[in-house]
Amino acid sequence: ASQTVMATPASKSLKVALFDATGTLMMPSEPIGETYRQIAEKHGLGSFSASEIESRFREVYGRTAAVDYGGMAGAPHLVVARETAWWRQIVSEVLAPEDASSKALS
Numbered sequence: 250a251s252q253t254v255m256a257t258p259a260s261k262s263l264k265v266a267l268f269d270a271t272g273t274l275m276m277p278s279e280p281i282g283e284t285y286r287q288i289a290e291k292h293g294l295g296s297f298s299a300s301e302i303e304s305r306f307r308e309v310y311g312r313t314a315a316v317d318y319g320g321m322a323g324a325p326h327l328v329v330a331r332e333t334a335w336w337r338q339i340v341s342e343v344l345a346p347e348d349a350s351s352k353a354l355s
């Protein structure tokens, strides 16, 4: 969902702009599941099809709590570290072997 914010005297102090990048600002050349499948295969992380990865991603992403940004004001390095850990957890669960899908890869 796109929204345009016009500058008004009240919004001139806007400090952050957030974008839903994929599908809005960037268009992947192939389905994301295929990209993850190729990378997983290259690193010996299973033999899931692209559609299986996409399905597992929707399931894992849907049950994973959002990133907690509390206490990170003015500390962008903490934001990056927390977001990286959050995505690593999701990808680990998505690519975990089916018999260990509840355990994250280390």
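Going by the working numbering, the residue at position 82 of the sequence shown is 331; the numbering climbs one at a time, nothing skipped.
Where a beta carbon is used, it is the ideal one built from N, C-alpha and C, also for glycine.
Of all the options A270, T273, R312 and D269, which has the alpha carbon lying nearest to the alpha carbon of S342?
In the sequence shown, residue 342 corresponds to position 93, counting from 1. Sequence check: residue 342 is Glu here, not Ser. The option with the nearest alpha carbon to E342 is R312.
What number of angstroms, rounded off, separates the C-alpha of V316 from the C-alpha of I302?
For the purposes of this step, residue 316 is identified with residue 67 of the sequence shown, where counting begins at 1. For the purposes of this step, residue 302 is identified with residue 53 of the sequence shown, where counting begins at 1. Between V316 and I302, the C-alpha separation is close to 22 Å.
Expressed to the nearest angstrom, what Euclidean distance is found between the alpha-carbon atoms of P346 and T284?
The residue given as residue 346 occupies position 97 in the sequence shown. The residue given as residue 284 occupies position 35 in the sequence shown. Roughly 18 Å separates the two Cα atoms.
At which residues does the alpha helix (DSSP H) containing G311 begin and terminate?
Counting from 1 along the sequence shown, the entry for residue 311 is found at position 62. From DSSP, the alpha helix (DSSP H) with G311 extends over A299 to R312.
Straight-line CA distance for S355 to F306?
The residue you call residue 355 lines up with position 106 of the sequence shown. The residue you call residue 306 lines up with position 57 of the sequence shown. In this predicted model, S355 has a pLDDT of only 43, less than 50, meaning its place in the structure is not dependable; the value taken from the coordinates is given anyway. Whole-angstrom Cα-Cα distance: 18 Å.
By Cβ distance below 8 Å, which residues in the same chain neighbour L274 in space, the five residues on each side in sequence not counted?
As a working note, residue 274 is residue 25 in the sequence shown. The residues are F268.
Is it buried or exposed for R286, if we count other Cβ within 10 angstroms and need 16 for buried?
To locate residue 286, count along the sequence shown from 1; it is residue 37. Buried is the call here.
Taking the straight line between their C-alpha atoms, what separation do you get for V309 and L344?
Position 60 of the sequence shown, counted from the first residue, corresponds to residue 309. Position 95 of the sequence shown, counted from the first residue, corresponds to residue 344. Going by the C-alpha atoms only, they are around 10 Å apart.
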